[in-house]
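First up is the structure itself, then whatever we jot down about it.
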Amino acid sequence: MPDNSSKPSVIWNKNYIILLLVNLISAIGFNMVYTMIVDYTVNVLDGSLIMGGIIAGTFSITALFVRPFAGIIADNFNKKSVCFFAIILIITASLGYAFAPNINLMLLFRILHGIGFSINGTTSIALVSFCVPENRIGEGLSYFGVGQVFSQIIGPRLGELLKQTFGYRILFVTVAFLSLCALILLVKSFSYKTEIEKADHNNKKPVYSVKNIIATEVLLFALLGGMFSFGNGIVSSFLKVMCNERNIQNYTMFFSVNALVLFLIRMVAGKLVDKKGLTIVITSSFFASAISMVLLAYASNLNMIVFAAILKAIGQGGGQVALQAECIKNVDAGKRGVAASTFYIGADIGQGVGPWIGGFLSNTFNYKTTFSFTAFLTFVCGAVFFINQSVIQKRKERTT
Numbered sequence: 000m001p002d003n004s005s006k007p008s009v010i011w012n013k014n015y016i017i018l019l020l021v022n023l024i025s026a027i028g029f030n031m032v033y034t035m036i037v038d039y040t041v042n043v044l045d046g047s048l049i050m051g052g053i054i055a056g057t058f059s060i061t062a063l064f065v066r067p068f069a070g071i072i073a074d075n076f077n078k079k080s081v082c083f084f085a086i087i088l089i090i091t092a093s094l095g096y097a098f099a100p101n102i103n104l105m106l107l108f109r110i111l112h113g114i115g116f117s118i119n120g121t122t123s124i125a126l127v128s129f130c131v132p133e134n135r136i137g138e139g140l141s142y143f144g145v146g147q148v149f150s151q152i153i154g155p156r157l158g159e160l161l162k163q164t165f166g167y168r169i170l171f172v173t174v175a176f177l178s179l180c181a182l183i184l185l186v187k188s189f190s191y192k193t194e195i196e197k198a199d200h201n202n203k204k205p206v207y208s209v210k211n212i213i214a215t216e217v218l219l220f221a222l223l224g225g226m227f228s229f230g231n232g233i234v235s236s237f238l239k240v241m242c243n244e245r246n247i248q249n250y251t252m253f254f255s256v257n258a259l260v261l262f263l264i265r266m267v268a269g270k271l272v273d274k275k276g277l278t279i280v281i282t283s284s285f286f287a288s289a290i291s292m293v294l295l296a297y298a299s300n301l302n303m304i305v306f307a308a309i310l311k312a313i314g315q316g317g318g319q320v321a322l323q324a325e326c327i328k329n330v331d332a333g334k335r336g337v338a339a340s341t342f343y344i345g346a347d348i349g350q351g352v353g354p355w356i357g358g359f360l361s362n363t364f365n366y367k368t369t370f371s372f373t374a375f376l377t378f379v380c381g382a383v384f385f386i387n388q389s390v391i392q393k394r395k396e397r398t399t
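For the sequence shown, position 347 matches number 346 in numbering that gives the first Met the number 0, and the numbering has no gaps at all.
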């Protein structure tokens with residue numbers, strides 16, 4: 000366990016605030032381009048809808064394969080240096096998007112972006128746990144996620160504005176510039192002492208240990224949490240083209256409303272779990288998310304899109320945050336990087352496979368089928384979680 004005397008006594012300290020800002024800037028850049036990838040591939044690079052889904056999903060699939068090693072890196076090396084390296088990769092990929100002349104190079108830079116994103120996200124979560132008081136880690140992680148939520152409010156709209164006004168190249172260059180700003184802020188302002196991790200490093204298992212790569216004790220929670228990301232991948236990749244087909248204007252309202260509600264839910268998610276219990280909160284979250292997908296499947300106007308955004312935010316804000324917190328709490332402090340990477344494995348599977356499956360279903364059938372299938376899977380995951388928790392509860396009752 001870490002030496003808590005080396006940790007800050009207040010949550011709103013310099014390092015934590017800088018991490019919040021770096022995360023916010025990086026998240027804004029990510030959300031500016033994420034919803035544009037399929038459209039860019041189809042309309043600029045002359046790719047098919049299936050290829051657009053593959054390129055969009057390759058980002059997360061790459062992150063999936065890198066994530067376990069990102070956890071090892073985060074737990075064994077200076078986290079500030081690791082974040083520096085990861086942001087450099089993100090800058091390179093963003094500039095690559097701007098000048099990629101064909102689908103092959105676009106795919107290459109998408110892979111590079113996935114590597115940087117995976118390492119940066121995993122390391123940042125682990126780093127936060129060392130920059131806040133030990134008894135406020137959950138709160139620190141919750142606030143840290145607020146930056147990602149806020150970026151969803153302005154990211155897609157800002158990206159759409161830049162694309163419409165200046166074109167895709169300026170959009171991608173702007174994202175690279177934002178990442179550079181985050182890098183400078185990290186280097187110039189953030190002070191990080193590796194001494195606070197020495198107690199953890201003294202107890203490290205060999206790097207080649209399976210348990211040092213994946214926190215198997217939280218793997219089920221990670222995979223179930225990935226269902227929320229599966230929905231994100233579907234929405235981010237196909238909401239725009241679906242709304243264009245159905246002639247629904249102002250589709251970006253979905254992201255703004257979703258982010259606003261998600262912001263509010265994140266602020267109270269931890270308290271809800273403490274008061275109502277993990278099972279009720281997460282099961283209800285899956286149900287809300289499934290209903291949101293049903294609404295999108297049959298959406299014919301903006302009101303249905305907005306209502307779906309609200310329900311999806313309620314589901315993701317309550318369920319995904321609660322599952323992530325459980326993953327961090329159920330491991331030793333020295334495995335927080337691995338726990339974070341394990342949780343993100345589920346997210347990467349969902350976010351990566353989502354566009355692939357969505358591209359196939361949309362191309363073979365229609366968008367209604369894509370969102371209906373997502374709703375069905377979400378219901379199934381909710382049922383699996385509920386059954387699992389019931390089994391655990393019965394085992395506890397037998398041992399008491």
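Note that the Cβ used here is the ideal one computed from N, Cα and C, for glycine as well.
Kindly indicate the opening and closing residues of the alpha helix (DSSP H) around residue i.
i, result
"K334", "Note, K334: premise wrong, no alpha helix (DSSP H); not H, not E."
"Q319", "L301 to K328"
"N38", "The identity of residue 38 in the sequence shown is Asp, whereas the question assumes Asn. First-last of the alpha helix (DSSP H) with D38: I36 to N42."
"R394", "Y366 to T398"
"S47", "Counting along the chain, S47 falls outside any alpha helix (DSSP H), and DSSP gives it neither H nor E."
"A125", "I102 to F129"
"A221", "L218 to E244"
"I16", "K13 to Y33"
"I212", "That residue, I212, is in no alpha helix (DSSP H); it is neither H nor E in DSSP."
"A181", "Y167 to S188"
"I290", "L277 to A296"
Taking the C-alpha atoms as reference points, what is the distance between residue i and residue j?
i, j, result
"A324", "D347", "17 Å"
"F220", "A99", "38 Å"
"L185", "N300", "43 Å"
"L182", "R397", "53 Å"
"V32", "K395", "47 Å"
"I281", "I36", "31 Å"
"G358", "T34", "14 Å"
"V234", "M105", "21 Å"
"I53", "I313", "29 Å"
"V379", "K13", "43 Å"
"Y303", "N231", "Per the sequence shown, the amino acid found at residue 303 is Met instead of Tyr. M303 and N231: Cα-Cα distance of roughly 17 Å."
"I213", "P67", "6 Å"
"G158", "N77", "33 Å"
"T278", "V217", "15 Å"
"I49", "N362", "7 Å"
"G46", "F237", "15 Å"
"N101", "F108", "11 Å"
"G316", "L261", "5 Å"
"R88", "F29", "One point to set straight first is that residue 88 is Leu, not Arg, in the sequence displayed. Approximately 13 Å between the Cα atoms of the pair."
"G166", "Y39", "10 Å"
"A307", "V293", "8 Å"
"K79", "I90", "17 Å"
"V240", "G120", "28 Å"
"N387", "N42", "45 Å"
"C82", "V320", "23 Å"
Should residue i go down as buried or exposed, given a rule of 16 or more other Cβ atoms within 10 Å for buried?
i, result
"R265", "buried"
"F364", "exposed"
"P205", "Here P205 scores only 46 on pLDDT, less than 50, and its place in the model should not be relied on; the value that follows carries that caveat. Looking at its Cβ environment, which holds fewer than 16 other Cβ atoms inside 10 Å, P205 is exposed."
"T400", "In this structure the chain extends from 0 to 399, so residue 400 is not present and cannot be described."
"S123", "buried"
"T251", "buried"
"A403", "The question about residue 403 has no answer, for the chain in this structure spans 0 to 399."
"S150", "buried"
"Q248", "exposed"
"N201", "Its pLDDT being 49, under 50, N201 is placed unreliably in this model, and the coordinates cannot settle the point."
"V390", "exposed"
"W355", "buried"
"K187", "exposed"
"G154", "buried"
"T215", "exposed"
"Q392", "exposed"
"S8", "exposed"
"G336", "buried"
"Y297", "exposed"
"I86", "buried"
Is the shortest distance between the beta-carbon of residue i and the beta-carbons of chain B less than 7 Å?
i, result
"N329", "Any reference to chain B falls outside this structure, which holds one protein chain only."
Does the structure place the region 16-30 close enough to the region 137-157 that three or more beta carbon pairs sit under 8 Å?
yes
Tell me whether the region 326-340 and the region 348-366 touch, counting them as touching only if at least three CB pairs, one residue from each stretch, are closer than 8 Å.
no
Would you call the region 58-73 and the region 105-119 in contact, with 3 or more CB pairs under 8 Å?
yes
With contact counted as at least three CB pairs below 8 Å, one residue from each stretch, are the region 94-101 and the region 159-175 in contact?
yes
Please specify which runs of the alpha helix (DSSP H), each continuous and at least 4 residues long, are wholly inside the region 46-81, giving them in chain order.
48-75
Looking at C-beta atoms only, is the number of pairs between the region 21-31 and the region 64-80 that lie closer than 8 Å three or more?
no
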